[in-house]
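For any residue, its number in the working numbering is found by taking its place in the sequence shown, counting from 1, and adding 24.
Think of the CB as a built atom: it goes at the ideal place given N, C-alpha and C, for glycine as much as any other residue.
Quantities reported herein were computed from a predicted structural model and do not represent experimental measurements.
Before any comments, here is the structure.
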Amino acid sequence: MATTKEEQVILALFKHPENELSASGLAKLAGLSRMHALRMLKRLEKDGAVTSRKVGKSVIYTIDLSEGYARNLLRFLLTREAKKADPYVRRWLTELKGLKHAKAAILFGSVLQKGKDAKDIDVVLITDQRNLQPLDKEVDALNRINAKPLHPLYQASKDFRRNIRKKDPVILNALKGIIAFGEDEVMAAYDTSGE
């Protein structure tokens with residue numbers, strides 16, 4: 025099992041696809057020394073959780089989602105992140121799990137920092153075209169019974185993947201949020217191993 029710092033590195037790699045991260049960059053994100061990060065990345069690479077490639081003099085690391093170990097570890101970390109969230113955030117994660125016509129839901133935005141003081145609840149909902157209208161009705165029903173409005177950003181799976189590749193700032197910000205459900209759907213959109 026990965027150490028706590030290794031877990032932080034894995035999550036940082038997943039939540040920052042817009043950056044090509046070297047050991048130095050990951051060290052800053054995870055609060056480690058550069059050498060500690062480098063040793064850790066070498067160990068994770070040996071375990072099959074990350075891959076590296078040389079760009080100039082730097083070595084860039086990416087999470088290897090083609091490997092079962094990395095996928096399972098990331099799924100566990102994302103689930104644990106949701107369970108350890110603030111109680112108010114967990115309440116919204118539970119509400120989102122009731123959406124039957126979405127493949128995945130990512131809670132993001134001010135609710136993660138401000139909690140109850142947030143003015144609205146931002147969420148990315150990944151769905152397909154035929155489920156869009158029923159999902160919109162589910163969101164409307166939630167908005168009728170909750171004091172804070174849910175502001176959904178609907179994405180088809182292919183659009184979500186394309187927006188990650190295009191480095192769309194809203195989608196990249198959403199990836200830093202908490203996945204309510206559909207971890208595999210989000211990982212599939214992020215996965216570059218098949219390309």
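Cβ-Cβ distance between Phe205 and Ala128 below 8 Å: yes
Candidates His40, Glu31, Met64 and Pro41: closest to Ala47 by CA position: Met64
Chain D within 8 Å of Met64, Cβ atoms only: This model lacks chain D altogether; it includes just one protein chain.
For Lys78, the three-state DSSP class (helix, strand or coil): strand
Complete beta strand (DSSP E) runs within the stretch 53-137 (minimum length 3 residues, chain order): 74-79, 82-87 and 128-132
Touch test, the stretch 192-204 against the stretch 110-120, Cβ-Cβ under 8 Å, three pairs minimum: yes
Residue burial classification, Met211 (beta-carbon count within 10 angstroms, cutoff 16): buried
Entirely enclosed beta strand (DSSP E) segments - the stretch 152-205, minimum 3 residues: 174-180 and 202-205
Separation of Leu123 from Arg99, as counted between CA atoms: 20 Å
Buried or exposed (CB count within 10 angstroms, at least 16 for buried), Pro223: Since the displayed the chain opens at 25 and closes at 219, residue 223 lies outside it and no answer follows.
Status (buried if at least 16 other CB within 10 Å, exposed otherwise) for Tyr214: buried
Beta-carbon contacts of Lys143 that lie in its chain and below 8 Å, excluding the five residues immediately before and after: Ser134 and Lys172
Inter-residue CB distance, Ala51 and Ala61 (contact presumed, cutoff 8 Å): 4 Å
C-alpha distance - Val148 paired with Leu166, whole-angstrom precision: 15 Å
Short Cβ contact (8 Å threshold) for His175 with Ile145: yes
Reduced DSSP category for Asp144 - H, G, I as helix; E, B as strand; rest coil: coil
C-beta atoms of Ala113 and Leu101 nearer than 8 Å: The question names Ala, but residue 113 in the sequence shown is Val. Not closer than 8 Å, so no.
Nearest-angstrom Cα separation, counted from Ala180 out to Gln153: 7 Å
Of the residues Ile34, Lys78 and Gly49, the one placed nearest Arg67, counting alpha carbons only: Ile34
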